[in-house]
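Visitor: This note's numbering numbers the first residue of the sequence shown as 472 and each following residue consecutively. Even for Gly, the Cβ is constructed at its ideal location relative to N, Cα and C. Bear in mind the structure is a predicted one, so any value in this text is a computation, not a measurement. Before I ask anything, here is the structure I am working with.
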Amino acid sequence: MSVSNMISDLRTASPTILPSMLMCDFANLADEVERLEDAGVTALHLDVMDGVFVPNFTYGMLLVAAIRKITELPLDVHLMMVNPEKYISAFAEAGASVITIHAEAVEDPIPVVQDIRKFGCAAGIAINPLTPVEVILPALPYVDLVLVMSVPAGFGGQSFDSSVLQKFEQIRSAPGGEKVLLEIDGGINVDTIGVATESGAQLLVAGSAIFKYDDYAVAISNMMSQVKCNS
Ligand code: DX5
Ligand code: ZN
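Below you can see the structure in the form of structure tokens.
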């Protein structure tokens with residue numbers, strides 16, 4: 472599928488919940504992916520952490536490639552790592568559909584997001600809660616997606632920081648921001664998904680709020696029942 476079709480499918484599906492695989496049972500990965508597909512998810516969110524940019528360490532391109540083999544769902548790869556520019560081709564070849572880099576991890580995000588597109592993926596840029604939107608404004612015309620972190624990147628299960636929500640309006644009203652997909656990540660659950668969607672978030676990443684339940688479809692539909700569309 473072309474990048475523009477994938478992005479337009481995600482836009483059509485939005486607001487939609489993307490499971491963060493950080494919380495899944497890795498010993499039964501294929502089964503976990505199948506259960507999420509059966510629950511009707513539109514994409515999977517994969518958290519890559521390097522132990523340097525964030526204190527936590529997760530997985531790299533081998534796991535992205537393993538998941539690519541077992542599903543056709545878009546893979547939304549969130550790189551929480553230093554020097555992401557060195558690994559764009561590797562994650563693209565592993566089967567990433569969207570590659571999102573952190574603004575705080577690079578000096579100039581523009582050549583890196585251009586590279587992501589050159590390798591055939593959609594390009595995203597992420598900002599931590601303490602990073603102001605101004606930092607990413609020059610990059611907006613070059614990205615398909617902006618990821619607003621509602622917890623400091625690094626760990627699942629942290630509490631939602633609602634002070635980040637005003638960033639969505641700032642992004643939307645900036646040049647280039649009218650067309651980007653808006654994603655939020657961290658602390659999304661039945662209590663927070665309402666304000667997140669009301670503020671303009673279209674892709675809602677959720678880890679613990681899905682994986683702590685036995686029935687993923689129920690967990691997702693409980694959250695979806697609290698969505699408030701602003702469009
Ligand atoms: C945090 C990760 C998130 C996280 C989400 O650094 O980027 O994707 O795993 O987990 P919850 O939904 O539990 O906050
Ligand atoms: Zn993430």
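#1: Kindly indicate the opening and closing residues of the alpha helix (DSSP H) around L481.
#2: Following a CB-centred definition, is D518 positioned closer than 6 Å to any heavy atom of ligand 1?
#3: Using only alpha-carbon positions, find the residue among T571, A565 and V512 that is nearest to M532.
#4: Looking at S679 and ligand 4, is the gap between the Cβ and the nearest heavy atom below 6 Å?
#5: With a 10 Å radius around its C-beta and 16 neighbouring C-beta atoms as the bar for buried, classify A563 as buried or exposed.
#6: For the segment 565-583 and the segment 591-610, state whether three or more C-beta atom pairs, one from each stretch, are separated by less than 8 Å.
#7: Taking 8 Å as the limit between beta carbons, can you name the residues of its chain near I538, skipping five residues before and five after?
#8: Name, in chain order, the residues that DSSP records as bridge partners for V583.
#9: How big is the Cα-Cα spacing for F497 and K650?
#10: For ligand 1, I want to know if A501 counts as a neighbour, meaning its beta carbon is within less than 6 Å of at least one of the ligand's heavy atoms.
#11: Quick check on D686: buried or exposed, where buried means 16 or more other Cβ atoms within 10 Å of its Cβ?
#12: With a cut-off of 8 Å on the beta carbons, I'd call L653 and Q637 a contact; round off their distance for me.
#13: Count the other CB atoms within 10 Å of the CB of P526; is the residue buried (16 or more) or exposed (fewer)?
#14: CB-CB under 6 Å to V523, same chain, minus the five flanking residues each way: which ones, in chain order?
#15: May I have a chain-ordered list of the beta strand (DSSP E) segments no shorter than 3 residues that lie completely inside the segment 530-570?
Guide: This is what the structure holds:
#1: V474 to A484
#2: yes
#3: A565
#4: This structure lacks ligand 4; the ligands present are ligand 1 and ligand 2.
#5: buried
#6: yes
#7: M492, L500, V504, L515, L517, L546 and G566
#8: DSSP, once it has assigned bridges, lists no residue as partnering V583.
#9: Distance between the alpha carbons of F497 and K650 is about 35 Å.
#10: Taking 6 Å as the cut-off, the C-beta of A501 does not count as close to any heavy atom of ligand 1.
#11: Classification of D686: exposed, given that the 10 Å Cβ count is below 16.
#12: Not confirmed; about 12 Å, so no contact.
#13: The residue in question, P526, is exposed, as its Cβ has fewer than 16 Cβ neighbours within 10 Å.
#14: V553
#15: 546-551
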